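In full-length UniProt numbering, the protein residues as written are 1 to 648.
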Amino acid sequence: MRTITSKLILSSVLFAVLTTGIYTALTLMTTVSSTRQQFNQSIDQFKSVHLPSLEEAIWNFDESQVQQIIDGVTTSAYIKRIEIEALPYMELESGVIPHQPGYISLPINREDQQIAFIRLYSDEKVLEESIQQKVIDAFYFLVIFLPLQAIAIFFVVKWSVLDGLKLITGKISQLSFDHIGKQISFPRKQPYEIELIKDSINDLSQRLEYEQAKARAYQFRLEEESNYDSVTRLPNRKNCQHYLQQCIAEGDTDPLFVIYLDFINFKSINSLHGNAAGDEFLVLTKSTIERLYGRDFYISRYGNDRFVLLNKVRMKEAEISTVAGRLKSVLEEMFYLRCAEAEVSLTTAIGIAQYPKDFTNSERLLLSAERMAKVSKKNARIVFYQGALDKEINDRDHIRHLLFQAVKDHDFFLNYQPIVDLSTGVISGYEALIRWYSSEIGFVPPDAFIGIAEEEGMIIRIEEWVIQQACSDIARLSECESRAINIAINVSYLHFISETFIETLKRVLSETGLSASQLEIELTERVLAEDGHQLEMKMRYLKSMGVKISIDDFGTGYSALNYIKDFSFDLLKIDKSFVQSMLSNDKNQVLVKNIIRLAQDLDIRVIAEGIEQQEQYQKLKQFNCDYGQGYMLSKPVRYEALEPGKQF
1 MRTITSKLIL
11 SSVLFAVLTT
21 GIYTALTLMT
31 TVSSTRQQFN
41 QSIDQFKSVH
51 LPSLEEAIWN
61 FDESQVQQII
71 DGVTTSAYIK
81 RIEIEALPYM
91 ELESGVIPHQ
101 PGYISLPINR
111 EDQQIAFIRL
121 YSDEKVLEES
131 IQQKVIDAFY
141 FLVIFLPLQA
151 IAIFFVVKWS
161 VLDGLKLITG
171 KISQLSFDHI
181 GKQISFPRKQ
191 PYEIELIKDS
201 INDLSQRLEY
211 EQAKARAYQF
221 RLEEESNYDS
231 VTRLPNRKNC
241 QHYLQQCIAE
251 GDTDPLFVIY
261 LDFINFKSIN
271 SLHGNAAGDE
281 FLVLTKSTIE
291 RLYGRDFYIS
301 RYGNDRFVLL
311 NKVRMKEAEI
321 STVAGRLKSV
331 LEEMFYLRCA
341 EAEVSLTTAI
351 GIAQYPKDFT
361 NSERLLLSAE
371 RMAKVSKKNA
381 RIVFYQGALD
391 KEINDRDHIR
401 HLLFQAVKDH
411 DFFLNYQPIV
421 DLSTGVISGY
431 EALIRWYSSE
441 IGFVPPDAFI
451 GIAEEEGMII
461 RIEEWVIQQA
471 CSDIARLSEC
481 ESRAINIAIN
491 VSYLHFISET
501 FIETLKRVLS
511 ETGLSASQLE
521 IELTERVLAE
531 DGHQLEMKMR
541 YLKSMGVKIS
551 IDDFGTGYSA
561 LNYIKDFSFD
571 LLKIDKSFVQ
581 SMLSNDKNQV
591 LVKNIIRLAQ
601 DLDIRVIAEG
611 IEQQEQYQKL
621 KQFNCDYGQG
631 YMLSKPVRYE
641 ALEPGKQF
């Protein structure tokens, strides 16, 4: 592993070798140049000092003088030997021939003629020895200086860099996700760069700690959102399923009850008062359940308007029945919604399944409890799981599936039942009755699919189609008969309170050309049991348009007289149960007679439903009932079979 120290030492050695090599090469070049220069200076000195004397001595044939001169010259460091040839008679020499000789030849002239020439020898070994000495000096420099340099670098680096880096790496190695924000510190002041690294790491550590805190908070929020409902803060569907699975996995054979709560027409709160009101209702429901049974039950918001309770303490079926009964009673009381400044009350459907008696599988338990709640919606009772109900529920689910496709394909048709003016026997109008024939299961009675359509929110689309088709048919029929024929259409509460209801009526009346005075909207007592103020406002607006309002199935509810007192109706339809029993029950006959009288005193016209016998028909005429409707007069028929001119 290559460390910073080894890298620095190696780099220093390479740098020293390189610089020493360059220095030595330059020194050698300088030495060679200097030696050559000194030799040339010796030659020049010889020429200027000795050559004139030597020339004079040779001219005078003074050999001793010549010998004396050249002997003096060969004692210099650079000229080692001199040879003179004086033509033709004189040859003299001085010094010894060097081992590595080098020489130059110089002519000696006198009076423009050469009288001799001289060779001056130098010893190249002197230059070589000088170069060798320089190389040896460089080698000794490397051998002695480099280790000292490496040691010095090591201690300098260790003191200024390595000690700090080791402290930093040691501190970093101690960091963990649990102590990621721990700060690094030194026992003594470190060089600036090391302090800078330390500060950068400490800053990074702080940022990582902050990001880690954010990540943990985000993870916690994700876990909260995936396991708890955002409105009520109760465990959600996923959490409930997991909790039930855990309870079953523990292998306890004590009874575990799944109580499934569902509200009927919860969508009406959102439609009438807004989503905030719906959320407030859910929070109030949660608070009520927790106040009653928060200690003994696990409580979950299982979906939209559905809650699931699981008993945490041992209970018997009778105790659970009491709990469910109290829940139903309390939850069906009026709740005041502050954000809407209104009171609301919804019917509660409750289904119950038991472990291990009914099922040992969590999914089957929850599904069965949910199915029992659907049965509870129909009969308004608390329903414990019964295997015999499975077929009924499966059939209902199958109808629900087919209904979705039927709504998409407009797979419905209308029948019309005449409403007869009992004083004249003339048909004054018709009631539009929706029918559905499924290619898969055949004719489906309205009672079998209207409730499902309301539960699934499909009723508005269905009724919009009914209004469009009925108004179109009756407008066409009125034109053919050259008289105004009325059409009565039953409207659900969800549709009546919807924001689009008025606009739908306006659009249809405009498109079909039907007069608003020919349209009659039938409302049941169930619709009237809801928010009276909102209903009254919408009813007043409809009446200002000319649309008539009637109360359907009068007498079947508990507050019928309150409704005709609180609301302004144009018509009142006596339920067929009173009409069909009035001949055999004197009390019912008195009731029918007095209902007709009371309504007429309030300027409300009366329609009697369910006339099936001539005696009933005659008795109603005797009571001055305004209109009649029933199988004796005519069954509901298709538009093509209508006989608007028929006299009764």
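Heads up, the beta-carbon is just placed ideally off N, CA and C, and yes, glycines get one too.
The model shown is predicted, which means the values in this text are computed figures rather than measured ones.
{"Query": "Boundaries of the beta strand (DSSP E) in which L571 is found, first to last residue", "Result": "L571 to I574"}
{"Query": "L92 to E129 span [Cα, whole Å]", "Result": "30 Å"}
{"Query": "Which listed residue (H398, R364 and E463) has its alpha carbon closest to that of H410", "Result": "E463"}
{"Query": "Beta strand (DSSP E) runs contained entirely in the stretch 417-454, provided each spans 3 or more residues", "Result": "426-438 and 442-444"}
{"Query": "Alpha-carbon spacing of R540 relative to D575, whole angstroms", "Result": "25 Å"}
{"Query": "C-alpha distance - S559 paired with S568, whole-angstrom precision", "Result": "In this prediction, S559 has a pLDDT of 46, which is less than 50 and means its spatial position is unreliable; what the coordinates show is noted afterwards. Straight-line Cα distance between these residues: approximately 15 Å."}
{"Query": "Limits of the beta strand (DSSP E) - the one that V606 falls within", "Result": "R605 to A608"}
{"Query": "Inter-stretch contact (C-beta, 8 Å, three-pair minimum) for the stretch 622-641 and the stretch 582-598", "Result": "yes"}
{"Query": "Per DSSP, cross-strand counterpart(s) of L107", "Result": "According to the sequence displayed, residue 107 carries Pro and not Leu. Its beta-bridge partners are F117."}
{"Query": "Pair within 8 Å by beta-carbon distance, A488 and A453", "Result": "no"}
{"Query": "CA nearest to the CA of Y627, picked from L642, I79, N486 and S544", "Result": "N486"}
{"Query": "Which of helix, strand or coil DSSP assigns to Y385", "Result": "coil"}
{"Query": "Residues near D552 by beta carbon distance below 6 Å, same chain, minus five either side", "Result": "E522, T524 and K573"}
{"Query": "Spatially closest choice to Q45 from L120, I350 and S11, by CA coordinates", "Result": "L120"}
{"Query": "Residues sharing a beta bridge with G72, DSSP", "Result": "DSSP, once it has assigned bridges, lists no residue as partnering G72."}
{"Query": "Integer-rounded CB distance, given that D305 should sit under 8 Å from F266", "Result": "4 Å"}
{"Query": "Option nearest I299 by Cα separation, candidates N270, L422 and R233", "Result": "R233"}
{"Query": "For V344, the first and last residue of its enclosing beta strand (DSSP E)", "Result": "A342 to V344"}
{"Query": "Residue range of the beta strand (DSSP E) that includes T500", "Result": "First-last for T500: undefined, no H or E at that position."}
{"Query": "8 Å Cβ cutoff met for A369 and A353", "Result": "yes"}
{"Query": "Exposure label - I84; buried when at least 16 CB within 10 Å", "Result": "buried"}
{"Query": "At least 3 beta-carbon pairs within less than 8 Å: the stretch 598-605 vs the stretch 630-647", "Result": "no"}
{"Query": "Short Cβ contact (8 Å threshold) for G351 with V323", "Result": "no"}
{"Query": "Where the beta strand (DSSP E) through F307 begins and ends", "Result": "R306 to N311"}
{"Query": "Secondary structure of V579, DSSP reduced to three states", "Result": "helix"}
{"Query": "Proximity below 8 Å, CB of H495 to CB of I441", "Result": "no"}
{"Query": "Proximity below 8 Å, CB of I467 to CB of L514", "Result": "no"}
{"Query": "Buried versus exposed call for A116 [16 or more other C-beta atoms within 10 Å across all chains shown]", "Result": "buried"}
{"Query": "Closest residue to Y140 among V17, P418, L535 and F335 (Cα-Cα distance)", "Result": "V17"}
{"Query": "Neighbourhood of residue 650 by C-beta, 8 Å cutoff - its chain only, sequence neighbours within 5 removed", "Result": "Because the chain in this structure spans residues 1 to 648, residue 650 falls outside the shown range and cannot be described."}
{"Query": "Range covered by the alpha helix (DSSP H) that runs through K621", "Result": "Q614 to Q622"}
{"Query": "Residue nearest to I82 in terms of C-alpha spacing, selected from L106, F554, K312 and S34", "Result": "L106"}
{"Query": "C-alpha gap between Q149 and D137, whole angstroms", "Result": "17 Å"}
{"Query": "Beta-carbon proximity of T288 to L261, cut-off 8 Å", "Result": "no"}
{"Query": "Nearest-angstrom Cα separation, counted from I151 out to L10", "Result": "12 Å"}
{"Query": "Residue burial classification, Y493 (beta-carbon count within 10 angstroms, cutoff 16)", "Result": "buried"}
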